[in-house]
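Following: one structure in structure tokens, then a few remarks.
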Amino acid sequence: MFEECGFCRPHVNISIVRLASPAASSEQITLNAPHAPTEKAIEAFNVVFHQIKSEIVKSRHHWNKHEPKMWSRANGLTDDELVHFTIEKDLVECRSAPTSYGTIILGKIRLPAVNDEEGEGFMHVRIHDPPNRGTEDVVFHSLFTDEGNKDADGHPRSWRAIQTDDKPLEFFNE
């Protein structure tokens, strides 16, 4: 059985935090397959467009105080250069999943100013659309920041906020 949410194609089984509702986990949701954004997804991301840009800048400033490697792919760029993107041109991929409290929507947004030896740079963004209203109540949820390659003590050895094109858009709860 497939379920339509309106943001993307039918959901198929393929097996962060500012919300006032319960947080989902990857075990509790079924994301649809990655696909190009639909008109409704573009509309939803545009509702929180300015907040996404603001959160990117805030995250960069926060991490630069604690672990500058997180945003190292943006070295040499101003904040304005870093967040110079549009949803219509740079939202390149989406996934979504229905929950009891609305729809989780993941988006991969290209950062045009980031194009280094690793290729183009992308942010993975999570937003939420509560049920029973249009997109006017869409809320920003979080940015994916990868603290990976953990050592034996569980401490990360790599940090990455700006992803490469080949990094899959997967559920995250930050």
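In the working numbering, the protein residues as written are -10 to 163. Glycine residues also receive a C-beta, built at the ideal position from the N, C-alpha and C atoms. Quick caveat, the model's predicted, so the values are computed rather than measured.
Just the Cα atoms here: how many angstroms apart are T92 and R49?
Rounded to the nearest angstrom, the two C-alpha atoms are 27 Å apart.
At 4 residues or longer, and completely inside the segment 24 to 73: list those alpha helix (DSSP H) runs for me, N to C.
Correct list: 28 to 36, 38 to 55, 68 to 71.
For Q17, is the classification buried or exposed, using 16 other Cβ atoms within 10 angstroms of its Cβ as the cut-off for buried?
Looking at its Cβ environment, which holds fewer than 16 other Cβ atoms inside 10 Å, Q17 is exposed.
Counting only the same chain and skipping the five closest in sequence on each side, list residues whose C-beta sits under 6 Å from that of V72.
So the qualifying residues of the chain are K42, I45.
Pull up the CB-CB distance for E82 and A25, whole angstroms please, since I reckon it's below 8 Å.
Indeed, because the Cβ distance is near 7 Å, the residues count as touching under 8 Å.
Nearest to P57 by alpha carbon, out of D155, R149, A102?
When each option's Cα is compared against that of P57, the closest is R149.
Are the beta-carbon atoms of G110 and V103 separated by less than 8 Å?
Against a cut-off of 8 Å, the Cβ pair of V103 and G110 comes out as a contact.
Expressed to the nearest angstrom, what Euclidean distance is found between the alpha-carbon atoms of G123 and T88?
Roughly 16 Å separates the two Cα atoms.
For E107, which residues from the same chain have a beta carbon less than 8 Å from its beta carbon, with the 5 sequence-adjacent residues on both sides left out?
Contacts found: R62, T153.
Checking the sheet assignment: what are the DSSP bridge partners for H113?
Beta-bridge pairing links H113 to K97.
Considering only their Cβ atoms, is the gap separating S85 from L158 smaller than 8 Å?
Not in contact: L158 and S85 (Cβ atoms no closer than 8 Å).
What residue does the alpha helix (DSSP H) around E77 start on, and which one ends it?
Here the alpha helix (DSSP H) through E77 covers 76 to 79.
If you draw a straight line from the alpha carbon of T27 to that of V127, how long is it in whole angstroms?
For T27 and V127, the distance between alpha carbons rounds to 16 Å.
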